[in-house]
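Reviewing the structure listed below.
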Amino acid sequence: MKTVCLFLVNCTLITTLAFGQSSDEIEIRKLEKHWTELLDKGDTTSLLEIWSENYVVNNPNGKIVTPKDIVALMKSGHKFPAVKRIIENITFNQDIAIVMGKELQQPSNMNPNTEEWIPRRFTNVWIKNKNLWQLAARQSSKIVTD
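Mapped onto our numbering, the consecutive letters of the sequence shown carry residue numbers 35 to 180.
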């Protein structure tokens with residue numbers, strides 16, 4: 035019986051190491067989802083906690099914006115369209131996480147049919163500071179199709 039239990043424990047450990055995600059990767063995936071939800075809710079207070087002090091965005095319109103710009107836009111009544119983010123890769127370099135993938139943005143007419151949403155590519159850069167991950171930079175670009 036001990037042999038069987040030991041075998042099962044070893045199989046679980048090997049499977050976790052081979053296919054599992056690190057605790058940092060799990061945390062980044064949760065944060066990616068969470069900050070998008072906060073943006074959807076317009077929760078600027080919580081967004082300012084997730085964004086680093088020097089957070090910068092190169093938005094799909096080619097404009098570089100900061101938290102000050104984003105918060106002012108949101109407080110003026112702007113509501114960002116819904117976005118569905120598909121993470122394709124997360125790379126870690128010490129205390130930096132680089133997240134890349136595809137996004138689908140709801141068009142301005144708020145069409146719920148995701149087949150008509152606007153495809154974009156994104157890169158988000160997270161920095162771990164005092165054991166807390168914060169979003170430091172973001173690039174989002176529309177995918178141009180011929």
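Ideal placement from N, C-alpha and C gives every residue a C-beta, glycine not left out.
Asked: Use the C-beta contact count for Cys39: other C-beta atoms within 10 angstroms, 16 or more gives buried, fewer gives exposed.; Found: For Cys39, the pLDDT reaches just 47, beneath the cut-off of 50, and the residue's location in the model is therefore unreliable, although a value from the coordinates is still provided. Per the 10 Å Cβ criterion, exposed.
Asked: If you follow the beta strand (DSSP E) that Ile124 is in, where does it begin and where does it stop?; Found: Val117 to Asn127
Asked: On the premise that Ile121 lies in contact with Arg63, defined as a C-beta separation below 8 Å, what is that separation, rounded to the nearest angstrom?; Found: 7 Å
Asked: Below 8 Å CB to CB, which residues in the same chain sit around Asn176 once its five sequence neighbours on both sides are set aside?; Found: Note on identity: in this sequence residue 176 is Lys, with Asn being the wrong assignment. Same-chain partners within the cutoff: Pro94, Ile152, Pro153 and Arg154.
Asked: Count the other C-beta atoms from every protein chain shown that fall within 10 angstroms of the C-beta of Gln128, then say buried if there are 16 or more, exposed otherwise.; Found: exposed
Asked: According to DSSP, is Leu138 part of a helix, a strand, or is it coil?; Found: strand
Asked: Using a Cβ-Cβ cut-off of 7 Å (strictly less than) and excluding sequence neighbours within five positions of Val99, which residues of its own chain qualify?; Found: Val91 and Asn93
Asked: Our contact map puts Glu137 next to Lys118 with C-beta atoms below 8 Å; I'd like the distance itself, whole angstroms only.; Found: 7 Å
Asked: Considering only the beta carbon of each residue, do Leu166 and Tyr89 sit closer than 7 Å?; Found: no
Asked: Which word fits Ser66, buried or exposed, when buried means at least 16 other C-beta atoms lie within 10 angstroms of its C-beta?; Found: Strictly speaking, residue 66 in this sequence is Glu, with Ser absent from that position. That one is buried.
Asked: Put Lys102 into one of helix, strand or coil per three-state DSSP.; Found: helix
Asked: Between the alpha carbons of Gln139 and Ser110, how many angstroms are there, rounded?; Found: 21 Å
Asked: DSSP state of Ile177, grouped into three classes?; Found: coil
Asked: Going by C-alpha to C-alpha distance, which of Ile84, Ser80, Ala116 and Glu87 sits closest to Ser142?; Found: Ala116
Asked: So Thr70 packs on Met108, CB below 8 Å; how close in whole Å?; Found: With a Cβ gap of about 14 Å, Thr70 and Met108 do not count as contacting.
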